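Quick note, the sequences are listed as chains R and F, same order. My numbering applies: residue 357 is where the first sequence begins, and numbers increase by one. My numbering applies: residue 92 is where the second sequence begins, and numbers increase by one. Notes to accompany the following structure.
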Amino acid sequence: MSLRAIAASIRVGWAREFNWTNPLAGFSLRTVGPLASVIAASAVYYVASVHNIPPSFDPSRLAYIIIGAALYTHVAAYSWVPTLAIAEGKWTYVFPQVYIAPHSSLPYLIGRTLASFASSTMTVIVSLILSFYTLSSIIGTGIPFIATPVSVGLLILAMVMNIFAAFGLGLLLSAYALFATKFEWALPTYVAGLLMIFSEALFPVSLLPHPVSDVANVLPFTEFMRASRYAMIYGDIPSYFLYLGLSAVGGLIFLGLGYAAFRYAENRARRLGVIDKKTA
Amino acid sequence: MKLHSNPWLRTAYARLWVRAKSIYGEPLWVAINIGFPFFTSFSFTMVYRAYGLGSYAGFAILGGVMISFWGNVLWSMASQFNWDKQVGLFEIYISSPASISAILVGMSLGGILGTAPSAALVALLGWTIFHPTVNPVWPAVISVFALTLASLYALGMALSSLYLAYGREADSVNEALHEPVSLISGVYFPSTGGFSPFPLAVQAGASLIPLTLGMDALRRTLFFGQGFGEFTIDLELVALAIMGIVLLFASSKALKFLEDKGRRTGTIAVRQR
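This is the structure:
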């Protein structure tokens, strides 16, 4: 696997996401969705807590939801890119061409994912900043974020560490996409919906029934959310590194599983001759 | 009037049948389609329950039901002609004697029929799991629901003519529209009225979207026991009906304009991928 192939794929991914228009328009269109999601989740919390009797609105809980909603959309936005690259690539005959080039399928998927990670990281940071100002002005209260170079750096580090888990999930879905002729477009949104529930994006997973909550509790995505909150809201560095470590370990396990599934599926798909099977 | 003697009805029926068959011919689509609406409404229901107004958890379940239709309007109505153009189907539509408006109406009715099982499953699962408190006035609920769908799908028809003029950006515009419209329409929380967190100007702007009025009227009729004769409900019903008619008229005019322009410039069947 060469770095040159990955770099070329990053350029392809970037072009796929932004070259259809000018970069500013592309970036704005990609930011407005996550921003709306964050404000919607926050608005649900605001309505529920302010109209509660007695009112139970808590600014730090609002910060908890803003971070969770923003990072959830970030993970959902790029973890499905390997599946998209295969499904769309089969449709446009790009993926069979990639596959014909020796040892190119994995660098191609890594490059596409990294390109999407980079654009999604930018959109999520802009969404966080805009939602912070929008909600502060709508609600008329301060939202307790720790916005220092260190905390933002720790947040970005957590996002980088989460690539392992997200790419592992992407490879698991890609293993299916290699064979699929239907549903592969819908599957990532299905998984994104599941992540919303099981990654502690909006509410603690302890509220889920056992044993579902136990599984959700150890998912790398959940640990990633916790680490990010410790960096941006609670300012507890030892807890941050604890959850970051757990997120990294879980992510590597996810990546291993995804890689094994993808390799198995790829070999099988080649034997069955479905790599260039066009989807409709 | 017999169906087979009227080309407009035959066209609408044919398009309806194809769309409905594409869902009912593969029941797994229903299970796939409920995924995102159900999980999203599940999450927001948990937020309502965890942080305060558990008794209004039904708002989130209703949102899950209606977001299924909104997703269908965006992805299977608004961008459908654009996709049809990419695969060469739109050329066949315009070169045949079939009426484009009949195709759109058939597509809408088929979309409603195709989305109904997923939406019903979201409602059923939400009701079974969370037992939300409801106080429905059923005739009003049904009227509001029907008028909301009519005006939503009329919006889809209007957007389909707009998207026909676009190429690859249609998908990105769709993605950009989905969440913001859900937000200001108050799919999961009241975005207008006393419960809304938004300023009055935003509420006024949001009221120009059929989904906003529909969601507000549905919440009032389903959860607060309001029915016909209540000023707000009557006003919202009239507004929804007017919006539906205006949007239908606008979509027909816009499609005709784009079709004529496309024929003149020879770009009507140009694929832009």
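A virtual CB, placed ideally from N, CA and C, is assigned to each residue, including glycine. Source: prediction; values computed, not measured.
Asked	Found
Any chain F beta carbon closer than 8 Å to alanine 474 of chain R	no
DSSP-derived helix/strand/coil call for leucine 511 of chain R	helix
Which of helix, strand or coil DSSP assigns to alanine 261 of chain F	helix
Cβ contact check for the region 357-372 of chain R and the region 454-470 of chain R: 3 or more pairs under 8 Å	yes
Member of F:Thr283, F:Ile336, F:Phe289 whose CA lies at the smallest distance from the CA of threonine 323 of chain F	F:Thr283
4-residue-minimum alpha helix (DSSP H) runs that sit fully inside the region 436-519 of chain R, ordered along the chain	437-447, 450-456, 461-495, 505-517
DSSP state of histidine 430 of chain R mapped onto helix, strand, coil	helix
Secondary structure of threonine 206 of chain F, DSSP reduced to three states	helix
Beta carbon proximity, asparagine 518 of chain R to chain F, threshold 8 Å	no
Burial state of valine 205 of chain F (16 or more Cβ within 10 Å)	This sequence places glycine at residue 205 of chain F; valine is not what is there. So glycine 205 of chain F ends up on the buried side.
The region 148-161 of chain F / the region 564-584 of chain R touching (three or more Cβ pairs under 8 Å)	no
Coarse secondary structure for valine 368 of chain R, derived from DSSP in three states	helix
Outcome for isoleucine 233 of chain F when other beta-carbon atoms lying within 10 angstroms are tallied against a minimum of 16	exposed
Candidates R:Ala419, R:Pro438, R:Val574, R:Thr497: closest to serine 530 of chain R by CA position	R:Pro438
Interface partners of isoleucine 123 of chain F on chain R, CB under 7 Å	Phe539, Ala542, Tyr546
Backbone CA spacing between glycine 349 of chain F and threonine 356 of chain F [nearest angstrom]	One detail in the question is off: residue 349 of chain F reads as leucine in this sequence, not glycine. Their Cα atoms are separated by approximately 10 Å.
Cβ of arginine 582 of chain R within 8 Å of any chain F Cβ	no
Span of the alpha helix (DSSP H) around leucine 575 of chain R	It is not in any alpha helix (DSSP H) - leucine 575 of chain R carries neither H nor E in the DSSP assignment.
Cβ-Cβ distance between alanine 207 of chain F and alanine 103 of chain F below 8 Å	no
Interface flag, threonine 283 of chain F vs chain R, CB-CB below 8 Å	no
Minimum C-alpha distance to leucine 542 of chain R - residue among F:Val272, F:Ala111, F:Asn124	The identity of residue 542 of chain R in the sequence shown is alanine, whereas the question assumes leucine. The shortest C-alpha separation from alanine 542 of chain R is found at F:Asn124.
Cβ of valine 164 of chain F within 8 Å of any chain R Cβ	no
Counted within 10 angstroms of its Cβ, other Cβ atoms place alanine 363 of chain R as buried (16 or more) or exposed	exposed
Within 8 Å, strictly: CB atoms of tyrosine 455 of chain R and isoleucine 631 of chain R	yes
C-alpha distance - tyrosine 449 of chain R paired with leucine 440 of chain R, whole-angstrom precision	13 Å
Interface flag, methionine 137 of chain F vs chain R, CB-CB below 8 Å	yes
Short CB-CB distance (under 8 Å) between tyrosine 279 of chain F and chain R	yes
Secondary structure, alpha helix (DSSP H): runs of 4+ residues fully inside the region 597-634 of chain R	none
Residue from R:Arg627, R:Phe610, R:Ile422 whose Cα sits closest to the Cα of tyrosine 653 of chain R	Within the shown structure, residues of chain R are numbered from 357 to 636, placing residue 653 of chain R beyond reach of any answer.
Buried/exposed call for lysine 112 of chain F, threshold 16 Cβ in 10 Å	exposed
Option nearest phenylalanine 597 of chain R by Cα separation, candidates R:Ile494, R:Leu513, R:Leu391	R:Leu513
Buried/exposed call for asparagine 623 of chain R, threshold 16 Cβ in 10 Å	exposed
Contact with chain R by glycine 126 of chain F, beta-carbon distance below 8 Å	yes
Three-state secondary structure assigned by DSSP to proline 230 of chain F	helix
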